[in-house]
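To keep things clear, I will list the structure first and then write my remarks on it.
Chains as they are written, first to last, in the numbering used here: chain L, -18 to 268; chain X, 133 to 553.
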């Protein structure tokens, strides 16, 4: 059945397309253009071809930072996915108070990254933080949660999971509620226990959702910025300075907007490649 | 019935989008279209200087009724981004308060011709203020106030520990006496920690200058930071951390030193005169300012704030006229005395400050004995942004035990491109 006015759907899309075009599309195009220039944000940009990419790719600091970011993402994505799936599974078991716990686990998602980072910064401080104060009550020496590079990374990973797990939990809950109960009933008749049902029904049926969550997690955590900056400032000794902060510091701290744009373009390419690989490996998320 | 409703909804949405995309309301009248000139001023405040500045603009307005001011309060961290955004968007502000003219030098109006004889103007400034007026030999900024580093202390804790602070320039601590004094206060008073030392390469560099070193060579084209004076400074800084006189949580954990001192946890705070107003208003214990220790020589670090206007400002002429008024002896005296700042003018002395005169006299004294090398180093706009980041990182690596002080300072020199262009 054909609409009498086929332009109507496009008209509805227009406001969003305008907003997207002006605030995302156009700056992205400018970003690509500037990545081939030397520009300090004020004077005219000078076209320098691939020089920015050459500078970046031959800079050992870039590779160190990229490796650091990858370690962070590799640690935080599986942890978030497992925690989110575990919580979603528990909260769809029909246990008493599930709705209350659902709200509690979702609460951190509603806190802005900056505020969440600052709160945990206070809690985790070595000399004045709440956790070390509690440890001191049982005669445990203060831990450098934010001043020791290893502990700082662990702190950032745990705070990230705490802050974001509720959001991905909701996606998993939606996926779990979409699995037909008849599958579980049939498995029970065949004598399957809880673990077998989870392994042979829940996990395969959640495959498209899991892929979506992994891709979303990967993109989001690779771009992590506000939470980490307000929690550790990228320290100590750059131990938690990840990709976007590096880009931000290059562009806005050093006034190297051409280099910053090139870094953004490289980030875009990295995320595109990883997403494609994930898509291929999971066969497009088909069950 | 559904289609008209959808059309109305779409119309409203489109309207909202169009409204969102349209330019903001004009902030002032164009001088060319009427008598009134509105000067857009990008401003940041550490203390009450914003209020004092407003009073001065009111005075100016009473003398120049055709001028209005649109003061755009901006967080310090966002100053240069805001300036860059406005300049590159063709909407340069008329005036801005900044602390690093080099960060936006391409956009600044050259003031050589605007202030008459440049040298004549420079002669009105203290030597430590002059380097802040120029970028690459061009006069682009008017220094409005100077800053000096200094030492705040908690009087109660020092009394509890029986430690006396130097009350004149005759009995200033050396580095060793200073470390012992703070350690004694920490151990014999209610203070939880000794010295809160700002995590700032500028504050850190105080030790380099006190030991007779400097960061750059005199021509600013090579680094001297790996010479023995600077290495010894880092050894001393590391020792202060190892003896737990300075808590590691500031330089390695990002803890706020202001909060540590203001909340009565630290016995002393090495910071600068910009915190006077803050402590005056918010610290609910007796505190004071005393002289910083010395090694080879006494030294603070000369910094400051400047006022600038832009090549593309709409009201350049009126902006320059106001800058001349703002830096005039009478107005600058009012500004620095009420804001608790140090004047950049050499002809303003013995200021009666609105408060904390005793503390301000110590800051003034610290600045008066500070070598010009400090201002020369820190106004090396070409290389300092990169070098100061490296100083922070390599000092942190030393405190973390990953490098020796000599390795850390060598690393700055080896990884820097100072003098390569």
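For each residue, glycine too, the CB sits at the ideal point set by N, CA and C.
Own chain partners of residue i with C-beta closer than 6 angstroms, once the 5 adjacent residues on each side are dropped
i                      : result
residue 362 of chain X : 340, 345, 541
Inter-residue CB distance, residue i and residue j (contact presumed, cutoff 8 angstroms)
i                      : j                      : result
residue 50 of chain L  : residue 233 of chain L : That pair is no contact at about 19 angstroms.
residue 150 of chain L : residue 69 of chain L  : 5 angstroms
residue 160 of chain L : residue 135 of chain L : With a Cβ gap of about 35 angstroms, residue 160 of chain L and residue 135 of chain L do not count as contacting.
residue 267 of chain X : residue 513 of chain X : 5 angstroms
residue 282 of chain X : residue 501 of chain X : Rounded, the Cβ-Cβ distance is 12 angstroms, inconsistent with contact.
residue 130 of chain L : residue 218 of chain L : 6 angstroms
residue 437 of chain X : residue 230 of chain X : 7 angstroms
residue 229 of chain L : residue 46 of chain L  : Contact flag wrong, Cβ pair sits at about 12 angstroms.
residue 312 of chain X : residue 289 of chain X : Rounded, the Cβ-Cβ distance is 15 angstroms, inconsistent with contact.
residue 484 of chain X : residue 469 of chain X : 6 angstroms
residue 265 of chain X : residue 474 of chain X : Rounded, the Cβ-Cβ distance is 16 angstroms, inconsistent with contact.
residue 386 of chain X : residue 216 of chain L : 6 angstroms
residue 18 of chain L  : residue 236 of chain L : Not a contact, Cβ separation roughly 13 angstroms.
Backbone CA spacing between residue i and residue j [nearest angstrom]
i                      : j                      : result
residue 132 of chain L : residue 317 of chain X : 31 angstroms
residue 477 of chain X : residue 214 of chain X : 29 angstroms
residue 264 of chain L : residue 171 of chain L : 29 angstroms
residue 462 of chain X : residue 244 of chain L : 50 angstroms
residue 191 of chain X : residue 257 of chain X : 24 angstroms
residue 173 of chain L : residue 254 of chain L : 39 angstroms
residue -13 of chain L : residue -5 of chain L  : 14 angstroms
residue 20 of chain L  : residue 145 of chain L : 36 angstroms
residue 307 of chain X : residue 373 of chain X : 14 angstroms
residue 375 of chain X : residue 444 of chain X : 54 angstroms
residue 432 of chain X : residue 398 of chain X : 21 angstroms
residue 400 of chain X : residue 305 of chain X : 14 angstroms
residue 246 of chain L : residue 13 of chain L  : 7 angstroms
residue 97 of chain L  : residue 530 of chain X : 30 angstroms
residue 449 of chain X : residue 8 of chain L   : 34 angstroms
residue 138 of chain L : residue 37 of chain L  : 27 angstroms
residue 248 of chain X : residue 504 of chain X : 25 angstroms
residue 390 of chain X : residue 176 of chain X : 19 angstroms
residue 418 of chain X : residue 393 of chain X : 12 angstroms
residue 198 of chain X : residue 168 of chain X : 4 angstroms
residue 213 of chain L : residue 225 of chain L : 14 angstroms
residue 354 of chain X : residue 551 of chain X : 6 angstroms
residue 287 of chain X : residue 223 of chain L : 43 angstroms
residue 194 of chain X : residue 481 of chain X : 28 angstroms
Coil, strand or helix - residue i by DSSP
i                      : result
residue 286 of chain X : strand
residue 349 of chain X : coil
residue 295 of chain X : coil
residue 124 of chain L : coil
residue 356 of chain X : coil
residue 261 of chain X : coil
residue 206 of chain L : coil
residue 146 of chain X : With a pLDDT of only 40 at residue 146 of chain X, under 50, the local geometry of the prediction cannot be trusted, and the value read off the model is given with reservation. It is helical.
residue 438 of chain X : strand
residue 483 of chain X : coil
residue 394 of chain X : helix
residue 216 of chain X : helix
residue 76 of chain L  : coil
residue 383 of chain X : helix
residue 513 of chain X : coil
residue 98 of chain L  : helix
residue 226 of chain L : helix
residue 188 of chain L : helix
Own chain residues within Cβ distance below 8 angstroms of residue i, not counting five before or after
i                      : result
residue 244 of chain X : 250, 270, 271
residue 240 of chain X : 233, 267, 272, 273, 440, 441, 442, 443
residue 342 of chain X : 307, 365, 424, 425, 426, 427, 428, 429, 430, 431
Range covered by the alpha helix (DSSP H) that runs through residue i
i                      : result
residue 477 of chain X : That residue, residue 477 of chain X, is in no alpha helix (DSSP H); it is neither H nor E in DSSP.
residue 49 of chain L  : 41 to 72
residue 34 of chain L  : 32 to 38
residue 191 of chain X : 181 to 195
residue 307 of chain X : 307 to 319
Span of the beta strand (DSSP E), counted from its first residue to its last, around residue i
i                      : result
residue 403 of chain X : 398 to 404
residue 275 of chain X : 274 to 279
residue 239 of chain L : Segment 238 to 262 is the alpha helix (DSSP H) holding residue 239 of chain L; no beta strand (DSSP E) there.
residue 171 of chain X : 169 to 175
residue 200 of chain X : 199 to 205
residue 227 of chain X : 227 to 230
Contacts of residue i in chain C (Cβ-Cβ under 8 angstroms)
i                      : result
residue 238 of chain X : Absent here is chain C; the protein component of the structure consists of chains L and X.
Own chain residues within Cβ distance below 7 angstroms of residue i, not counting five before or after
i                      : result
residue 368 of chain X : 307, 339
residue 235 of chain X : 212
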